[in-house]
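Participant:
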Amino acid sequence: MTGEILIADDIEVVYGARKGLFGAAKPGVKVLHGVSLRIGRGETVGIVGESGSGKTTLGRALLRLVDVATGQIRFDGAEITRMPEAAMRPLRRRMQLIFQDPMASLNPRHSIRRIVSEPMLFHAVARDAVDAEIRARAIFDRFSLPAACLDRYPHELSGGQRQRVGIARAALLAPDFVLADEIVSGLDVSTQAQVLNLLKGLTRDLGLSMAFISHDLSVIRAICDRVYVLRNGRIVEEGGCEEIFASPKSEYTRALLDAIPLPRIDPGWLARGSGVADAVEENGAK
Amino acid sequence: MSEPVLAASHLSAVSDRDRAVILHDVSLEVRRGETRGLVGESGAGKSTIAKAILGILPRTVRITGGAVRFEGVDLMTMPTHARRRLIGEKIALIPQDPLTALNPSRRIEAQLTDGLRLQRGLDTRAARARGLALLDEVQIQAPERVLRSFPHELSGGMRQRVLIASAFALEPRLIVADEPTTALDVTVQKQILRLIRAMQSAHGTAVLFVTHDLGVVAQICDSVTLLFAGRVVEAGRTADLLTAPRRPYTRALIEASPRYDRPDAGLRPIPDEVVAGLRAELAASNQASP
Amino acid sequence: MTTAAAPRASANWLRACASDIRVVAGGGFILVLLVLALGAPWIAPKDPLEQDLILGATPPFGFAGAEPGYWFGTDDLGRDALSRVIYGSRVALTVAFAASFLATTLGAALGLLAGWYRGWIDATISRLVEIWMAFPPVLLSILLVAVIGPGVGSVIAAIAIIDWTRFCRVVRAETMGQAQSDYVTAARVIGFPQMRILIREIFPNVIPVLIALTSLEMGIAVIVEAILSFVGLSVSSDVPTWGGMIAQGRQILHQGWWVLLAPLVALFLTVLAFNLLGEGLRRALDPVMRR
Chain A
103 MTGEILIADD IEVVYGARKG LFGAAKPGVK VLHGVSLRIG RGETVGIVGE SGSGKTTLGR
163 ALLRLVDVAT GQIRFDGAEI TRMPEAAMRP LRRRMQLIFQ DPMASLNPRH SIRRIVSEPM
223 LFHAVARDAV DAEIRARAIF DRFSLPAACL DRYPHELSGG QRQRVGIARA ALLAPDFVLA
283 DEIVSGLDVS TQAQVLNLLK GLTRDLGLSM AFISHDLSVI RAICDRVYVL RNGRIVEEGG
343 CEEIFASPKS EYTRALLDAI PLPRIDPGWL ARGSGVADAV EENGAK
Chain B
-13 MSEPVLAASH LSAVSDRDRA VILHDVSLEV RRGETRGLVG ESGAGKSTIA KAILGILPRT
47 VRITGGAVRF EGVDLMTMPT HARRRLIGEK IALIPQDPLT ALNPSRRIEA QLTDGLRLQR
107 GLDTRAARAR GLALLDEVQI QAPERVLRSF PHELSGGMRQ RVLIASAFAL EPRLIVADEP
167 TTALDVTVQK QILRLIRAMQ SAHGTAVLFV THDLGVVAQI CDSVTLLFAG RVVEAGRTAD
227 LLTAPRRPYT RALIEASPRY DRPDAGLRPI PDEVVAGLRA ELAASNQASP
Chain C
3 MTTAAAPRAS ANWLRACASD IRVVAGGGFI LVLLVLALGA PWIAPKDPLE QDLILGATPP
63 FGFAGAEPGY WFGTDDLGRD ALSRVIYGSR VALTVAFAAS FLATTLGAAL GLLAGWYRGW
123 IDATISRLVE IWMAFPPVLL SILLVAVIGP GVGSVIAAIA IIDWTRFCRV VRAETMGQAQ
183 SDYVTAARVI GFPQMRILIR EIFPNVIPVL IALTSLEMGI AVIVEAILSF VGLSVSSDVP
243 TWGGMIAQGR QILHQGWWVL LAPLVALFLT VLAFNLLGEG LRRALDPVMR R
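Protein chains in written order, with this note's numbering: chain A, 103 to 388; chain B, -13 to 276; chain C, 3 to 293.
1) Could you tell me whether any Cβ in chain A is nearer than 8 Å to the Cβ of C:Ala188?
2) Going along chain B in order, which residues have a C-beta closer than 7 Å to the C-beta of A:Phe201?
3) If we count Cβ pairs, one from each stretch, closer than 8 Å, do we get three or more for the segment 176 to 188 of chain A versus the segment 350 to 366 of chain A?
4) Can you pull the chain A residues whose beta carbon is under 7 Å from the beta carbon of C:Asp184, in chain order?
5) Could you tell me the alpha carbon to alpha carbon distance between A:Asp368 and B:Thr211, rounded to whole angstroms?
6) Can you tell me whether DSSP reads A:Lys351 as helix, strand or coil?
7) Answer yes if the segment 155 to 175 of chain C comes into contact with the segment 151 to 158 of chain A, meaning at least three C-beta pairs across the two stretches below 8 Å, and no otherwise.
8) Please confirm whether C:Val211 has its beta-carbon closer than 8 Å to some beta-carbon of chain A.
9) For the pair the segment 180 to 188 of chain C and the segment 191 to 204 of chain A, tell me if three or more CB-CB distances fall below 8 Å.
10) Tell me which residues of the segment 339 to 361 of chain A have at least one Cβ-Cβ distance to chain B shorter than 7 Å, keeping chain order.
11) Quick one, which of B:Gly51, B:Ile161, B:Val132 and B:Ser271 has its alpha-carbon nearest B:Arg18's?
12) Roughly how many whole angstroms lie between the Cα atoms of B:Ser135 and B:Ile94?
13) State the Cα-Cα distance for the pair B:Arg238 and B:Leu(-3), rounded to the nearest angstrom.
14) Measuring alpha carbon to alpha carbon, tell me which residue in B:Leu14, B:Ile80 and B:Val25 is nearest B:Val54.
15) Determine the closest residue to B:Ala269 out of B:Leu(-8), B:Val(-9), B:Asp4 and B:Leu9, with distance taken between C-alpha atoms.
16) When the Cβ atoms of the segment 222 to 229 of chain B are set against those of the segment 190 to 210 of chain B, are three or more pairs found closer than 8 Å?
17) Express the C-alpha separation of C:Leu283 and A:Leu364 in angstroms, rounding to a whole number.
18) To test your reading of the DSSP string, which unbroken beta strand (DSSP E) runs of 3 or more residues are found completely within the segment 137 to 178 of chain C?
19) Can you check whether the CB of A:Leu274 is closer than 8 Å to the CB of A:Pro192?
20) Taking 8 Å as the CB-CB limit, is B:His198 close to chain A?
21) Determine whether the Cβ of C:Val34 lies closer than 8 Å to any Cβ atom of chain A.
22) From A:Ser219 to A:Ala238, what does the alpha carbon distance come to, in whole angstroms?
23) Find the nearest neighbour of A:Ile241 within the set A:Gly303, A:Ile346, A:Val291 and A:Phe177, judged by alpha-carbon distance.
24) List the residues of chain B that A:Leu310 touches, going by C-beta distances under 8 Å, in chain order.
25) Under 8 Å, Cβ to Cβ, is there at least one residue of chain C near A:Pro248?
26) Taking A:Arg191 as the query, report the chain C residues whose CB atoms sit under 7 Å from its CB, ordered along the chain.
27) Determine, using beta carbons only, whether C:Val191 and A:Leu165 come nearer to each other than 8 Å.
28) Of all Cβ atoms in chain B, is any one closer than 8 Å to the Cβ of A:Ile367?
29) Should C:Glu203 be flagged as near chain A, meaning a C-beta pair shorter than 8 Å?
30) Please say whether C:Ala286 and C:Val25 have beta carbons closer to each other than 8 Å?
31) Take the Cβ of C:Ile56 as the centre, count every other Cβ of all protein chains shown within 10 Å, and call the residue buried at 16 or more, exposed below.
32) Return the chain-ordered list of same chain residues with a C-beta closer than 7 Å to the C-beta of B:Asp4, the five sequence neighbours on each side being excluded.
33) Say whether chain A places a C-beta atom closer than 8 Å to the C-beta of B:Arg183.
34) Excluding sequence positions up to five away, which residues of its chain have a Cβ less than 6 Å from the Cβ of A:Gly148?
35) Listed in chain order, which residues of the segment 26 to 49 of chain B have Cβ atoms closer than 7 Å to some Cβ of chain A?
36) With DSSP as the reference, identify every bridge partner of B:Gln105, one or two as the case may be.
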């Protein structure tokens, strides 16, 4: 038994490629250029990157939601890179996803009760509807969500409540691994703090492994043990939070840190040049 | 002391739909060359103030009291046509979403020089020359090519630079920046903040900077007005507000922001009693000053 | 437990429907028409087929020469126009409901499959739709009925066979759009089988568009049926239809304009009602728009 729950080995993802059965073959656009990462049991790993870095694609590839062109993905020792969907099904319960936009990730025509209990019944985590209800109420209580929310529809909840419902749906399946994709970027700081604390408690109590995708290094620092810095589909730096934040090795990581405005008075911040950051922005076209 | 460029005094607004109070007795000033941050969580009323200044309030929002004076003239009672001329010429906007703010089917040149041709009466050639100079000022490397481009051919940071150039085109007295960097990556954000700062000091413009990010406020604003539920919680110089907040809510908001430099600090949710206390306090002060 | 939520949800959209003027007006009119059609033998004041040559071409109520009891007047054969309009609604509504039900079912099923599974299924269905839509619809329906033979059944079949493409195209596009949304990804992450995601997650979100379209289709079916009756390809000529009345009214326009006007107004109001109902329902059934 390895110490890792999830291993990605040199994976590449290409969008829009076509085999060319009748028409000409299309090469497509390569989004990930050989990314390798490992996520240990009980570990929270941050994946940081700016728009276009491929962080969302990486997350989707880890969960087998997009196909990889080359490379290997192993979940709990099993190779899942090209596993058929039917064989994946029992594993699906064990690897869950929390979305950036909770409104979009909850079916607008289903009640919250249906949204959280159907997955439990499908995977036989709950014996029956009554059992599912008990479990749902317990976790709602823990997340300070009123039980009355169960009767509501997604659009009737607040942004923070919806995000907690999204987390509850994943947590109720008792997964081993959770991928959190930019889950606090749309929230106010106070709600952000609540959601992050809730997630922190959850990973600790359930011994969950988590990959936490974000563009915000401050948030990563608050919740992660280890970080991968992604840029243009490649990992440019990896390491423990302590080291990376204390002494980033890559110039890009340093530029990212320098660019974060902190709520403290720092008269030199704006003028402080970060050569890399200026080079980062393509001057001209996209 | 010079007269402020913009002065909102005792501004109140309600929603016609559900009678909810959107703004209550809000006063703030922006002086020449000053950047005033307008901060608050979602629903605090910051964008309502920006919209009231620009005259683009939704029909359902009604101003019930107070005044917004621009260089001494009340914008609220001004005739519509005079106000329309003022906005665009003396008051400009840097919007949040640089993509939807630009017309996808017109070239940058046409959109950037609209004001120069219509308001200043420049001919095409002169407008083009001025457009090139503006793009140069916002540090765009290949201004000729950008002028010929359509918005979708530019990156988010480039579009925002174009919009900043366009905001400064007519040398306005006041710029309302409505979350201008929220949609951008941090590295691009820093450059845009730097650019807004540089343009502002070169032109002596007053800037009202609407944002939810106290970090951005700390780095770019001289003074700040913090809103909660449509009311002013605290206002003053940025340094004072951040280092010696007078209200517990202000302190709690600062402590809720994640800090990569201090992993032990930050990320503390605002305690319920702080919010409850603030609500009670604000309600009490409303009765004191009707 | 799950049932506890159901009444609340249904009460919600019922209330939303009831507060929409379009649903109330359009639905109300259709409901009245439905009652008239079902109860025609008891409601219609006269026998629609009974001829009385002495009363030929009597003007409607309120005009010089009107006969009491003949509210809409009579045609050249002395048949009561009001009774004929009421009886004509039977054919109109039968065709409207049956044809649009068939077209909806066929089109939606194929559209869902094409939009969700893509690949060769989509390619096949989409080519079929393109070829289908290249034929002029009214001409095709006349041709079809001429081949199958006249009768209500043929009219219904002809309309369904022609108009399913309308549903297929819209439902396919809508399904493809919904398939991109996060809630579908969420369902994939949970591990739900493809068919279950299509039917239980995506389909409910396609329903509002479908309802609007079905209601519009009922209006279209009423018109197509009238056209086919007009050219004499619908039911046999002894059954009163609006299209048949229009054809007859056109011929005797100089004797009595009302013979043409009555079925035209009935046709116009019915199509308008279906359109209003469709638009109103689409809005009322959308949980986000409803707010």
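Backbone N, C-alpha and C fix where the C-beta goes; we use that ideal spot for every residue, glycine too.
Facilitator: Taking the coordinates as given:
1) For the purposes of this step, residue 188 of chain C is identified with residue 186 of the third sequence, where counting begins at 1. With 8 Å as the cut-off, C:Ala188 counts as an interface residue toward chain A.
2) Reading the first sequence from its first residue, position 99 is the one you call residue 201 of chain A. Taking a Cβ-Cβ cut-off of 7 Å, A:Phe201 has no neighbours in chain B, whose nearest Cβ is about 19 Å from it.
3) The segment 176 to 188 of chain A is not in contact with the segment 350 to 366 of chain A.
4) As a first step, residue 184 of chain C is located in the third sequence; it is residue number 182 there, counting from the start. Around C:Asp184, the beta-carbon contacts reaching into chain A at under 7 Å are Phe201, Asp203, Ala206 and Ser207.
5) Working through the first sequence from its first residue, we reach residue 368 of chain A at position 266. Working through the second sequence from its first residue, we reach residue 211 of chain B at position 225. So the two alpha carbons sit approximately 19 Å from each other.
6) Mapped onto the first sequence, residue 351 of chain A falls at position 249. In this structure, A:Lys351 counts as coil in the three-state DSSP scheme.
7) Short answer: they don't touch.
8) Within the third sequence, the letter at position 209 stands for residue 211 of chain C. Not one chain A Cβ lies under 8 Å of C:Val211.
9) Yes: at least three Cβ pairs fall under 8 Å.
10) Per Cβ criterion, the list reads Phe347, Ala357, Leu358, Leu359 and Ala361.
11) For the purposes of this step, residue 18 of chain B is identified with residue 32 of the second sequence, where counting begins at 1. That would be B:Ile161, whose Cα lies nearest to the Cα of B:Arg18.
12) Within the second sequence, the letter at position 149 stands for residue 135 of chain B. Within the second sequence, the letter at position 108 stands for residue 94 of chain B. In this structure, the alpha-carbon of B:Ser135 lies about 6 Å from that of B:Ile94.
13) Numbered from its first residue, the second sequence carries residue 238 of chain B at position 252. Numbered from its first residue, the second sequence carries residue -3 of chain B at position 11. According to the sequence provided, residue 238 of chain B is Ala. The question's Arg does not apply to it. Using only the alpha carbons, I get a separation of about 26 Å.
14) By one-based count along the second sequence, residue 54 of chain B stands at place 68. The shortest Cα separation from B:Val54 among B:Leu14, B:Ile80 and B:Val25 belongs to B:Leu14.
15) Numbered from 1 along the second sequence, position 283 holds the residue referred to as residue 269 of chain B. When each option's Cα is compared against that of B:Ala269, the closest is B:Leu9.
16) Between the segment 222 to 229 of chain B and the segment 190 to 210 of chain B, the count of C-beta pairs closer than 8 Å reaches three or more; the two stretches touch.
17) The sequence position of residue 364 of chain A within the first sequence is 262, counting from 1. The sequence position of residue 283 of chain C within the third sequence is 281, counting from 1. C-alpha of A:Leu364 to C-alpha of C:Leu283: approximately 50 Å in a straight line.
18) As far as the segment 137 to 178 of chain C is concerned, it has no whole beta strand (DSSP E) run of at least 3 residues.
19) Within the first sequence, numbered from 1, the residue matching residue 192 of chain A stands at position 90. Within the first sequence, numbered from 1, the residue matching residue 274 of chain A stands at position 172. Taking 8 Å as the Cβ cut-off, A:Pro192 and A:Leu274 do not qualify as a contacting pair.
20) Position 212 of the second sequence holds residue 198 of chain B. Closer than 8 Å to the CB of B:His198 there is at least one CB belonging to chain A.
21) Start at 1 with the first residue of the third sequence, and residue 34 of chain C comes out as number 32. Answer no: the Cβ-Cβ gap between C:Val34 and chain A never drops below 8 Å.
22) One-based indexing of the first sequence puts residue 219 of chain A at position 117. One-based indexing of the first sequence puts residue 238 of chain A at position 136. Between A:Ser219 and A:Ala238, the C-alpha separation is close to 7 Å.
23) As a first step, residue 241 of chain A is located in the first sequence; it is residue number 139 there, counting from the start. When only C-alpha atoms are compared, the closest one is A:Gly303.
24) Translated into the one-based positions of the first sequence, residue 310 of chain A becomes position 208. The contacting residues do not exist; A:Leu310 stays about 19 Å from chain B at best.
25) One-based indexing of the first sequence puts residue 248 of chain A at position 146. A:Pro248 does not count as touching chain C.
26) If you number the first sequence from 1, residue 191 of chain A lands on position 89. For A:Arg191, the neighbours in chain C by C-beta distance under 7 Å run, in chain order, Gly193.
27) Along the third sequence, read from residue 1 onward, the residue named residue 191 of chain C stands at position 189. Along the first sequence, read from residue 1 onward, the residue named residue 165 of chain A stands at position 63. Result yes, Cβ atoms of C:Val191 and A:Leu165 sit closer than 8 Å.
28) The sequence position of residue 367 of chain A within the first sequence is 265, counting from 1. Judged by the 8 Å Cβ criterion, A:Ile367 is in contact with chain B.
29) Counted from its first residue, the third sequence places residue 203 of chain C at position 201. The C-beta of C:Glu203 comes closer than 8 Å to at least one C-beta of chain A.
30) Here residue 25 of chain C refers to the residue found at position 23 when the third sequence is read from its first residue. Here residue 286 of chain C refers to the residue found at position 284 when the third sequence is read from its first residue. Annotated as proximal: C:Val25 and C:Ala286, with beta-carbon spacing under 8 Å.
31) Position 54 of the third sequence holds residue 56 of chain C. When all chains shown are included, C:Ile56 counts as exposed.
32) By one-based count along the second sequence, residue 4 of chain B stands at place 18. Same-chain partners within the cutoff: there are none.
33) On the second sequence, residue 183 of chain B is found 197 positions in, with the first residue counted as 1. Yes, contact with chain A.
34) Sequence index remark: in the first sequence, residue 148 of chain A carries index 46 (1-based). Hits under 6 Å: Phe314, Ile322, Cys326 and Val329.
35) The segment 26 to 49 of chain B vs chain A, Cβ under 7 Å: Glu27 and Ser28.
36) Here residue 105 of chain B is taken as the residue at index 119 of the second sequence, counted from 1. Answer by DSSP bridge pairing: none, since B:Gln105 is not bridged.
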